[in-house]
Structures are given as structure tokens and as C-alpha cells.
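See structure below.
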Amino acid sequence: MRTTARHVPEAVLFDRDGTLVVDVPYCADPRLVRPVPAARAALALLREAGVPTGVVTNQSGIGRGLITPEAAAAVNREVDRLLGPFRVWRVCPHAPEEGCACRKPAPGMLLDAAAELGIAPERLAFVGDIGSDVEAAAAAGAASVLVPTAVTRPEEIRAAPVVRRDLVGAVRFLLAEQRGAGPGRAA
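Residue numbers are given in this note's numbering: position 171 of the sequence shown equals residue 176, and the series is strictly consecutive.
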């Protein structure tokens, strides 16, 4: 499925694990944080264009008792140190079975981030690596770009309106919308 760009994103939000940084399940140690290869370059393009950035992340390890809120915050500070500063952070600490309104694919964190940024949700773009990221963006009315990883299921790739191979490709797609470039499946 293809979509037509309706607008220029006024902010771009990113998933954390698997998108900005290498996924370490239930990471509680900031020393294990490693940016994905294209993260710095992609964020630099956005910052150079004056587009605010943020992070929206499910951290169910907190709700499951596998990591403490303090450990998760320390990991987030390291991500911010390595790749930030980010204008907004949203973290869902709930386990999936808690049924909260913030855990992706629910739109709660994206809507809250948009409110903090003073931007209508449909003026956001969200970049992630799995289907729940794309679903959260759709539920919030935001644009999305899927950047698949080894854990992305084939059906998630097929269902995503926009797919790019890496973060730089995702950001170039979003910034190209400013110049009126059309949509696409893969770069």
C-alpha cells in the first residue's frame, strides 16, 4: 500500500530499541547502548533541517519486574548522551497485559509527545522497526516509516505504507516531502 505525503512533518519521533540503538532485550546497563550505524547521520539531517526529534519507547521490562525504572532512565540518558538531545521522551513502563493506553500500538505516547511539542499528531512522523510502531502512528494520525530489522516480520513490511532500508533513507524520505517528492516503498 502507498500513501501520498500530505504535509511536511513538524517533528520526527523514533522508537528506541532496534531503531535508534541496537536492541538489547530488557537493557538495564547504559554501557550496552550502541547506536545503530545510521542513527547519528539521520538525526544530524533532521537537526540541520530544524526538525525536532523525540523518542517513544515501550519498556515492558519495568512492568514485568525485570528492570527498575531507574535503570531504564539511565539507559535513556545514555541514548540521549550519544544521540541527543531529543526534545521529548515518552516511555511506557507497563507490561502488555496491563492494557494501558500508552503501550504501542496504542497511540497514547505519540499523542502525549505531540501535545508537549505543541504539534497536531497528524503533523508528526514516527520511525520504527516493527508493526506496532506503524500501528501506533496510524492510530495517532501520524505518518510512519518502517525501517526493518531481523525481527521485523514479512507481513509487517508488506503492511507498512512506507519502508526504508535504514534511518538515513527514512529521514531523506521525510525531508524529501518538503520538496514535494512522492511516496515510495523502498529506497
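From the three backbone atoms N, C-alpha and C, an ideal C-beta is built for every residue, glycine too.
(1) Can you name, in chain order, every residue of its own chain whose Cβ lies under 7 Å from the Cβ of Met114, other than the five neighbours on each side?
(2) On the DSSP bridge assignment, give the partners of Phe131 in chain order.
(3) Can you find the residues in the same chain that come closer than 6 Å, C-beta to C-beta, to Leu50, ignoring five residues on each side of it along the sequence?
(4) Short of 7 Å in beta carbon distance, which residues of its chain neighbour Gly68, apart from the five on each side in sequence? Order them along the chain.
(5) So what does DSSP say about Arg95, is it helix, strand or coil?
(6) What residue does the alpha helix (DSSP H) around Gly66 start on, and which one ends it?
(7) With which residues is Gly59 paired in a DSSP beta bridge?
(8) Helix or strand or just coil, what does DSSP make of Val139?
(9) Which one or two residues does DSSP pair with Val168 in a beta bridge?
(10) Could you check where the alpha helix (DSSP H) with Cys125 kicks off and where it finishes?
(11) Measure the CB-CB distance between Ala144 and Pro110 and report whether it falls below 8 Å.
(12) Three-state secondary structure (DSSP) at Val26?
(13) Does the distance from the CB of Leu129 to the CB of Ala119 come in under 8 Å?
(14) Are the Cβ atoms of Glu83 and Val38 separated by less than 8 Å?
(15) Given a threshold of 16 other Cβ atoms within 10 Å of its Cβ, counted over all protein chains shown, does Val156 qualify as buried or as exposed?
(16) Can you list, in chain order, the residues of its chain whose CB lies under 7 Å from that of Ile124, leaving out five sequence neighbours each side?
(17) In three-state DSSP terms, what is Pro40?
(18) Give me the residue from Leu87, Val150 and Pro74 with the minimum Cα distance to Arg169.
Per the coordinate set shown:
(1) Val61, Arg95, Cys97 and Cys107
(2) Leu18 and Ser149
(3) Val176
(4) Pro98, His99, Ala100 and Glu103
(5) strand
(6) Ser65 to Gly68
(7) Leu18 and Val93
(8) helix
(9) Leu151
(10) Residue identity check: residue 125 is Ala in the sequence provided, not Cys. No alpha helix (DSSP H) contains Ala125, which DSSP labels as neither H nor E.
(11) yes
(12) strand
(13) yes
(14) yes
(15) exposed
(16) Glu15 and Ala16
(17) strand
(18) Val150
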